[in-house]
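Participant: Right, I'll just put the structure down here and ask away after.
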Amino acid sequence: MDRLDTPILIVAVAGHEITCTASVYLRVLLNTAAGPVAIHEPVECLVINDDEPEFIMGQDLLKTLGIDIDRQLKQLVERDHDEEEDLLDHDDGMSLLRCRQMMIYEVPLRD
1 MDRLDTPILI
11 VAVAGHEITC
21 TASVYLRVLL
31 NTAAGPVAIH
41 EPVECLVIND
51 DEPEFIMGQD
61 LLKTLGIDID
71 RQLKQLVERD
81 HDEEEDLLDH
91 DDGMSLLRCR
101 QMMIYEVPLR
111 D
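This is the structure we're talking about:
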């Protein structure tokens with residue numbers, strides 16, 4: 001375990017602040033629906049002093065795996081918008097909700 005030169009402040013869910021003062025390099029093996037995925041290079045992980053046993057992956061690690069969360073959320077919103085327009089085009093006199101508010105939060109993925 002290595003001490004960080006400068007502590008890193010992380011803002012978690014509900015504004016909960018976590019200060020990380022150390023990091024460690026780990027070899028990561030993820031169990032996915034498609035089977036296990038091994039990341040060959042050790043990954044620097046921040047050490048969080050917490051009672052939770054989870055490993056929280058950040059966007060940098062996800063992008064290493066070819067997973068771009070921002071792009072996927074954008075595609076999801078665009079798809080929902082297109083489906084909504086299709087519903088409006090086929091309005092048969094029923095009252096449809098024409099505006100939907102969506103809130104997107106960046107949350108860590110947990111297995």
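Last residue of the sequence shown: 111 in the working numbering, with the numbers rising by one and none dropped.
Here a beta-carbon is modelled for each residue, glycine too, at the ideal position from N, C-alpha and C.
Using the Cα positions of valine 28 and valine 47, report the straight-line distance between them to the nearest angstrom.
Facilitator: To locate residue 28, count along the sequence shown from 1; it is residue 28. To locate residue 47, count along the sequence shown from 1; it is residue 47. Computed Cα separation, rounded: 15 Å.
Participant: DSSP state of glutamate 44, grouped into three classes?
Facilitator: Locating residue 44 in the sequence shown gives position 44, counting from the first residue. Residue state, collapsed to three classes: strand.
Participant: Sorted by chain position, which residues of the same chain lie with C-beta nearer than 6 Å to valine 37's C-beta, five sequence neighbours on each side aside?
Facilitator: As a working note, residue 37 is residue 37 in the sequence shown. Closer than 6 Å at the Cβ level, and outside the excluded window around valine 37, lie Leu30.
Participant: Near leucine 61, what residues of its chain come up, given a Cβ to Cβ distance below 7 Å and the 5 sequence neighbours on each side ignored?
Facilitator: Looking up residue 61 in the sequence shown gives position 61. Excluding sequence neighbours, leucine 61 sits near Val43.
Participant: Compare the Cα-Cα distances from glutamate 52 to each of Met1, Ile8, Ile18 and Asp5 and report the closest residue.
Facilitator: Numbered from 1 along the sequence shown, position 52 holds the residue referred to as residue 52. For the residues Met1, Ile8, Ile18 and Asp5, the minimum Cα distance to glutamate 52 belongs to Ile18.
Participant: So what does DSSP say about arginine 71, is it helix, strand or coil?
Facilitator: As a working note, residue 71 is residue 71 in the sequence shown. Helix.
Participant: So the candidates are Val77, Ile56, Lys63 and Cys45; which of them puts its Cα closest to the Cα of aspartate 2?
Facilitator: Reading the sequence shown from its first residue, position 2 is the one you call residue 2. Looking at the Cα atoms, Cys45 is the closest of the given residues.
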